[in-house]
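Working notes, structure below.
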Amino acid sequence: MNSSNPQLRMVAPAHWNMYKSHMIPKMSQNDYIEGVKYFRTSNELKQGYDWIDQREIPQFPLVYAPKEVVCSYNPKVEYCSELKIDLKQNQTYEAPNIVVIIIESFCPSPMMIDDQVVESQEQIMIGHLHKEMYLPNLRSLSEKGVSFASLSSNGMPTIYGWYSLMTGEIPYSDSVNMIQSQYNDVDDLPSFYHQQNYHTMYVSTSDFRFDGKHNWVYRGRELVQKDPGNLKDMPLWFDDLYYYFPDKDQTVKLELEESTFKCWIPDRITSTEFIYHFNKTKQNQQKPIFGILATVDTHMPFKGFDDKKFYDPFTFGDGVSNTKKSGIVDRYATVAKYADHYIGNVINFLTKSYNNTILLVMGDHAARESPIFRDEQIDPRDPNSVWYDDSCNGQPFVNDQQFTTTAVLAYLGDNEAVKAKFAPVLQKVIKVPTDHQDAVRTLFDFAEEFSGKKHASSRNGRNLLEIATNLTNNEGLRKHMSIRTSSLTSEVATEDTLYRFHTLGPYGQKFNGIYPTCVTGEKRSHITKQQYNEFSRNQRLYEYLQRRNKQFSYKFRDENCVYPTLCDFPVNMKAYNENETAKFVIPKLINGVYIGLIIIIVLILKMILFKIINKINNKKSQQTQSVILLQ
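Following this line, the structure appears as structure tokens:
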């Protein structure tokens, strides 16, 4: 059956997605080859790189690598015989720590963005992204780096966004990769840094079992040694995992309300925990640290997870206690400034004690509920009004509150070699579309330069510093296409333009290339069917490869595979769908066809039952009327 049947999708999208989620997507050989060709021509690789699978029908079409790695697998490629190989892999300076702070549901409204950024339609500008009144620590951090006003998550909510950030896989449009891809080889961020001799750590605000994160963060650990899918044989993700859940006595000492946090630990606690464990780890070993801190207090409905008194210093209007619909602005501004304060504590700690650190601060996805209001008495072009064009904002597939977040990338230290990378773009604000894959590609590039080693990757991303530098020098951007998706909303971005639409079709949705969108006076245009088809083609290719475990293989991380050493392509990649012991998948025999038949049978039975009930009710009614007549 054609999985793109528009009539069935429109009539019953939920049932259709359920039906598709239990089927392995298929592509004809011709569609597959054309899809690979389109993907590769839509994404220009940086100089010195090429696609690693040069076979007539590539099995790993998304993987790319430096040419000296490509030739290790494809020695007959024309340029290999003339390739000059530099086997020297000398590290020129001490590898810095890498810290990633992931802010929950972070998409500052124009009220919190610098006025010049809101008003400007330029792709790059000098200044600050965030206003000091609301986000003073992020504003201060940007002075040591570069800011990105339109950096998107590749999925939403967290179960999609976090997963895509960590693994590089694009979310399925009809099911959940976090579960269905749990045994896939993925080009993940944590194990990459672990392989580069970093000590890896993660401080979480929630139990790792939430959203199924435990299927991933425990990879390579003894904790999963009995797992039927052999997660213990996967590369180790994290040396240390921290999730602190206080008992009743500790709750009192920490001045927490049990009813407030339950399984969610507020930023006040997790930021302190991160500082403690980072410092302790540094004192006990000499490796650089790759650390992740996840926050929570900016999660909807923006009432926070800490005791109310800890929001008092950051309150706007009625703060987190505001229950009015318009109070969403006060609530979001309050929890955002609270989060910024505790992020500031981490920044100050690193700057003072371990300043040889590269810091990336970004949201996991947008706020989902637009923190906006409309006031007819306020000039609609005044950024302080948080005013949006209703004709745009009323369409949920057009506004910024799904995928769009912001990011600051900065270096805190004094190493001249690292500072030189940031020097051309210091205090710049980049407004062209970027995403999490670009952020991770940037972190990969840092690690490769520190180690001097070459690696293959399937991350469809560009270096954020490269983007900023090219815009600064008016050099133009490499041809690029990326996608982000959820079950309802999707985006496709080129190197300089962003398109948004309903996942099931274009349906007259619009596009804009500059953040923020939905501000009156901006120019927008309708997305075309061709543009939607381009998104759909890439989405189908991603899902086809991911469900067959062919997007990446950990064997591509073999650092010995550098020409003239020859290596073989990975074979016998076992897909999750083929794992009959998997706990979360309906057994293989019950595929989508049988589920479809079951749904039809259930509907028929419901109709029959409905008719029987009607007959019984009619008979009772007739009997009642007969009794009345007899009386």
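When the letters of the sequence shown are read in order and numbered with UniProt numbering, they come out as residues 1 to 631.
C-beta atoms are modelled at their ideal positions from N, C-alpha and C, and glycine is treated no differently.
Predicted, not measured: the structure shown is a model, and the values here were computed from it.
Where residue i falls: helix, strand or coil (DSSP)
i	result
N30	helix
T158	helix
Y244	coil
Y38	helix
M481	strand
K67	helix
S109	coil
W237	coil
R500	strand
I600	helix
L129	coil
F610	helix
V77	coil
F349	helix
P587	Reliability of the predicted coordinates at P587 is poor, the pLDDT of 45 falling under 50, and the value obtained from them is presented with this limitation in mind. DSSP places P587 in coil when its eight states are reduced to three.
L151	strand
V432	coil
H277	helix
residue 680	This structure cannot settle anything about residue 680, because the visible part of the chain is limited to 1 through 631.
M362	strand
W387	Residue confidence is low: W387 scores 46 on pLDDT, short of 50, so the model does not pin down where it sits. Its coordinate-derived value is still stated next. It is coil, neither helix nor strand.
G505	strand
residue 634	The displayed coordinates of the chain run from 1 to 631. Any statement about residue 634 would go beyond what the structure contains.
Beta-carbon spacing of residue i, residue j below 8 Å
i	j	result
G161	H365	yes
A367	Y342	no
Y243	F208	yes
Q401	C80	no
I103	T298	yes
K428	V99	no
S109	F403	no
L412	K76	no
S42	K479	yes
R557	A575	no
K287	N197	yes
S458	D188	no
T472	V425	yes
Y336	Y544	At residue 336 the sequence reads Ala, which differs from the Tyr that was named. Not in contact: A336 and Y544 (Cβ atoms no closer than 8 Å).
Bounding residues of the alpha helix (DSSP H) (the contiguous stretch that carries residue i)
i	result
K529	K529 to Q546
E491	Run containing E491: none in the alpha helix (DSSP H); it sits in the beta strand (DSSP E), T489 to T494.
Y354	Y354 -> no alpha helix (DSSP H), and no H or E assigned at all.
M178	N177 to Q180
T469	L464 to T472
R441	H436 to S451
I57	Neither: I57 is in no alpha helix (DSSP H) and is coded neither H nor E.
F192	L189 to Q195
L138	P136 to S142
T404	First-last for T404: T404 to Y411, but that is the beta strand (DSSP E), not the alpha helix (DSSP H).
V203	Note, V203: premise wrong, no alpha helix (DSSP H); beta strand (DSSP E) at H199 to V203.
V118	D115 to E119
Presumed contact (8 Å Cβ cut-off) between residue i and residue j, rounded CB distance
i	j	result
F148	L541	27 Å between Cβ atoms; not a contact.
L293	V217	No, L293 and V217 are not in contact; Cβ-Cβ is about 14 Å, not under 8 Å.
N97	N356	6 Å
S487	T503	6 Å
T200	P190	5 Å
S164	G155	5 Å
N- and C-terminal bounds of the beta strand (DSSP E) containing residue i
i	result
F45	Reading off the sequence shown, one finds Leu at residue 45, where the question assumed Phe. Looking at the DSSP string, L45 is not in any beta strand (DSSP E), and its letter there is neither H nor E.
L426	Premise fails: L426 is in no beta strand (DSSP E) and is neither H nor E.
I124	I124 to I126
V296	No beta strand (DSSP E) holds V296; DSSP gives it neither H nor E.
I103	N97 to I103
Any C-beta of chain C under 8 Å from that of residue i
i	result
P136	Annotation note: the requested chain C is absent from the structure, which comprises a single protein chain.
Inter-stretch contact (C-beta, 8 Å, three-pair minimum) for the region 489 to 498 and the region 429 to 437: Pairwise C-beta distances place the region 489 to 498 in contact with the region 429 to 437, as three or more of them are shorter than 8 Å.
Touching by the beta-carbon criterion (3+ pairs, under 8 Å), the region 562 to 569 and the region 61 to 77: Judged by Cβ distances under 8 Å, the region 562 to 569 makes contact with the region 61 to 77, as three or more pairs qualify.
Cβ pair count under 8 Å reaching 3, the region 248 to 259 against the region 306 to 315: In this structure the region 248 to 259 lies against the region 306 to 315, because at least three pairs of beta carbons, one per stretch, are closer than 8 Å.
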